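Novice: Structure incoming, see below.
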Amino acid sequence: MVGNDRALLELSHVDTYYGQIHALRDISLRIEQGHITCLLGGNASGKSTTLKTILGMADAVNGTIEYLGERIEGMSTVEVVKRGISLVPENRRIFTRMTVMENLEMGSYLRTDKDGIKKDLEKVLTLFPRLEERHKQVGGTLSGGEQQMLAMARALMSRPKLLLMDEPSMGLAPILVQQIFDIIVEINRQGTTIFVVEQNANMALSIADRGYVLQTGRIVLADTAKNLRENEMMREAYLGEM
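With numbering that gives the first Met the number 0 applied, the sequence shown corresponds to residues 0 to 241, in that order.
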């Protein structure tokens, strides 16, 4: 939460289709530089599609996507990643037959600055000491929480300006969810802008600066995280008793 109110990424009136299915409808949102922004919604609301559209994995048929003032809609995923956007995917998707260290090395595969890679490796292992303890262990033998940490650390090895996170709490015990979200806050404190997609609205809004709520491909609410936590519609539909 170290923002300067400058839009790092901005979607304006974006529509995305899967074949004949209109998955995203007139989506407009801003991710301020240095902030944590969350996108909330239930299953099949379009949250993951929003991330795929930003990354060029799904095409925006209408509208614009600007990153640091540059139009990136229509770019390949590789070109988007090269510009400093990384994804921590849903269900981790680590390389299960590779060691922890090999997974981390894969995160820096587009980089050529060996000294910078070495410094970032030291940085992520400090941030995730459990991974340093298990650096020779095969990824598939890690616990769910450790695999989530590895997915986050791997994404950080690309040195992103913007980190996209797809359902980081999914499948984790509550105590691990808190630990993961504490690490997200620390990553942001160190200077990385974060856009987190979550069903766990309480947890996401507890760390975010601003939030958006998505229903059937449309944004139905947008406000500061504080105001969303106090919004009656949010309390009834997503937050329950707080």
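The C-beta atom is built at its ideal place from N, Cα and C for all residues, glycine as well.
Here the structure is a predicted model, which means the values were calculated and not measured.
1. Tell me whether the beta-carbon of G143 lies closer than 7 Å to the beta-carbon of L171.
2. Give me the Cβ distance between D208 and H34, rounded to the nearest whole Å; I'm assuming they're in contact under 8 Å.
3. Using only alpha-carbon positions, find the residue among D25, L28, V60, K46 that is nearest to Q19.
4. With respect to the alpha helix (DSSP H) encompassing D119, which residues constitute its N-terminal and C-terminal limits?
5. Among I206, Q147, L213, V219, whose alpha-carbon lies nearest the alpha-carbon of V87?
6. Determine the DSSP secondary structure at T215, reduced to helix, strand or coil.
7. State the CB to CB distance for the pair M151 and I182, rounded to an integer number of angstroms; the pair is presumed to be in contact (CB under 8 Å).
8. Taking only runs of the beta strand (DSSP E) that begin and end inside the region 163-206, which ones reach a length of at least 3 residues, in chain order?
9. Determine, using beta-carbon pairs with one atom in the region 157-174 and one in the region 125-138, whether at least three such pairs fall under 8 Å.
10. What residue range is occupied by the uninterrupted beta strand (DSSP E) comprising E65?
Specialist: According to the structure data:
1. Translated into positions along the sequence shown, residue 143 becomes position 144. Translated into positions along the sequence shown, residue 171 becomes position 172. In contact: G143 and L171 (Cβ atoms closer than 7 Å).
2. Position 209 of the sequence shown, counted from the first residue, corresponds to residue 208. Position 35 of the sequence shown, counted from the first residue, corresponds to residue 34. Yes, they are in contact, since the Cβ atoms of D208 and H34 sit about 4 Å apart, within 8 Å.
3. One-based indexing of the sequence shown puts residue 19 at position 20. Looking at the Cα atoms, V60 is the closest of the given residues.
4. On the sequence shown, position 120 is the one that residue 119 refers to. 113-126 is the extent of the alpha helix (DSSP H) around D119.
5. On the sequence shown, position 88 is the one that residue 87 refers to. Minimum Cα distance to V87 is reached at Q147.
6. Counted from its first residue, the sequence shown places residue 215 at position 216. In the structure shown, T215 sits in coil (DSSP, three-state: anything other than H, G, I, E or B).
7. Counting from one through the sequence shown, the residue named residue 151 turns up at place 152. Counting from one through the sequence shown, the residue named residue 182 turns up at place 183. Correct: roughly 7 Å between the Cβ atoms.
8. Within the region 163-206, the complete beta strand (DSSP E) runs of at least 3 residues are 192-197.
9. Here the region 157-174 does not lie against the region 125-138, with fewer than 3 beta-carbon pairs under 8 Å apart.
10. For the purposes of this step, residue 65 is identified with residue 66 of the sequence shown, where counting begins at 1. It spans 59-66 - the beta strand (DSSP E) in which E65 sits, taken as one unbroken run.
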